[in-house]
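So the working numbering is basically just the index in the sequence shown, starting at one, shifted up by 56. The structure appears below as structure tokens.
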Amino acid sequence: MSDKDYRKIVHDWLRLQNECWLGGDFNAFFDYITPGCERELQEERKRWRMIRNLQEKRRMTPVKCETNILSVDERAGGNQIDVQVLVSVQHVYSIQHQLLDEEKEEWACFRLNRTRDGWKIAKFTTADSPRPGLHNRLITIPSAVNPEPGARSTSSGYNRAKAVQYAETHWNAPNPGYLYFSQDDCTNFVSQCLHAGGIPMQFSQRRDQGWWYRQSGRNHVWSYSWTVAQSFYQYLKGQRSRGLRAVQVQSAEQLEPGDIICYDWEGDGRWNHNVIVTGFDPNGAPLVNAHTTNSRHRYWEYKDSPAWTPRTRYAFFHIL
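Below, the structure written as structure tokens:
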């Protein structure tokens, strides 16, 4: 096997993930790993079992899974090489005879060792963000999107259709008018969506007050509530007579397009992630758009995410 054949190993691994989502045999992965990686692969098996359970829960029929490589970073050293791949994954499926799709971008990270049998995967993980210093991503041109049919405006002037339109346009193509935080952009993205829907910023001279973003020349400054998941959650729970106002509801099914879901991965009271609802599946379950792991029409529970744990808690906010 030549020095470049480690790339074929990575490509085969991604192909097997496509096949596994469609119901393929998980055991095929074992042919590509070193013995020391078996425990890691068993954890991956648990994740795929959870994905299968979710497919059954949603009564969905997988139709197609396609993975495209957007960017590759390779760092070699002797008989070992680290490969980090930014991939775009599209799932097409049907529920109640209705065809739907979801998309996400994620980093697949591999450590490969050269063995007597050729290159083998010694370590792998799925990451929400790249290693610091990696900036060779392909440029994505924002798409043009019509507003979501049926998304209504609120009495306070929040235009849900425009918020959803913004989320559909910029889910994988950040707005150059704002800074993009490659390690953690979820709250920044959701704040932009709400503002695009007509919710005015609440300015303050203090970063721990209000909900705002300012740019002056090359200088950008923002409130913690604009970009920090915990601060944004606390701001949503606050009572105010104008600006960003929300009411917490009990279930995901009570939400509408343009509403917000917050995630506490460890169930410890520290809120880590935020998304915006952009649609619903035929079962009435929300589909969401998000940044960090750039996602479009993703099922709201996030049980396929490496960040999810059995302790994960959700908070559902209806924007007023």
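We put the CB at the ideal spot given by N, CA and C, even for glycine. Computed from a predicted structure; not experimentally measured.
Between the C-alpha atoms of Asp61 and Asp129, what's the straight-line distance to the nearest angstrom? Looking at the two C-alpha atoms, the distance is approximately 16 Å.
Would you decide whether Glu322 is buried or exposed? Buried here means 16 or more other CB atoms lie within 10 Å of its CB. The residue is exposed, with fewer than 16 neighbouring Cβ atoms inside 10 Å.
For the candidate residues Arg63, Arg101, His347, Arg103, whose alpha-carbon lies nearest to that of Gln239? Per the Cα distances, His347.
Around the Cβ of Phe259, are there at least 16 other Cβ atoms within 10 angstroms (buried) or fewer (exposed)? With fewer than 16 other Cβ atoms from the protein chains shown falling within 10 Å of its own Cβ, Phe259 counts as exposed.
Close beta carbons around Asn135, own chain, < 7 Å, minus the five adjacent residues each side: Taken in chain order, the residues that qualify are Asn169, Arg170.
Assuming Arg167 contacts Lys179 under a Cβ cut-off of 8 Å, what Cβ separation, rounded to an integer in Å, is found between them? Yes, they are in contact, since the Cβ atoms of Arg167 and Lys179 sit about 4 Å apart, within 8 Å.
6 Å Cβ shell around Asp241 - same chain, five flanking residues per side excluded: If we look at Asp241 and ignore the five residues flanking it on each side, its Cβ neighbours are His347, Thr348.
Do Ala223 and Gly253 count as a contact pair if the criterion is CB distance below 7 Å? No, the Cβ-Cβ distance between Gly253 and Ala223 is not below 7 Å.
For Val246, count the other beta carbons within 10 Å of its own beta carbon; 16 or more makes it buried, fewer makes it exposed. Which is it? Under this definition Val246 is a buried residue.
Kindly give me the distance between the Cβ atoms of Thr243 and Ala285, rounded to whole angstroms, as I take these residues to be in contact under 8 Å. Going by Cβ atoms, the distance from Thr243 to Ala285 rounds to 5 Å, so yes, they are a contact pair.
Straight-line CA distance for Asn74 to Cys121? If I take the Cα positions, the gap works out to 5 Å.
Who are the near neighbours of Cys249 in its chain, counting only those whose CB is closer than 6 Å to its CB and skipping five residues on each side? Closer than 6 Å at Cβ, skipping near neighbours: Ala219, Tyr222, Ala223, Ile332.
Roughly how many angstroms separate the alpha carbons of Gln304 and Tyr319, rounded to a whole number? Whole-angstrom Cα-Cα distance: 13 Å.
Could you say which of Tyr234, Arg63, Ile151 lies nearest to Asn339 if we only look at CA atoms? Of Tyr234, Arg63, Ile151, the residue nearest in Cα terms is Ile151.
Which ranges would you report for the beta strand (DSSP E) in the segment 231 to 282 if only whole runs of at least 3 residues count? If we require 3 residues or more, the beta strand (DSSP E) runs fully inside the segment 231 to 282 come out as 269 to 272, 275 to 278.
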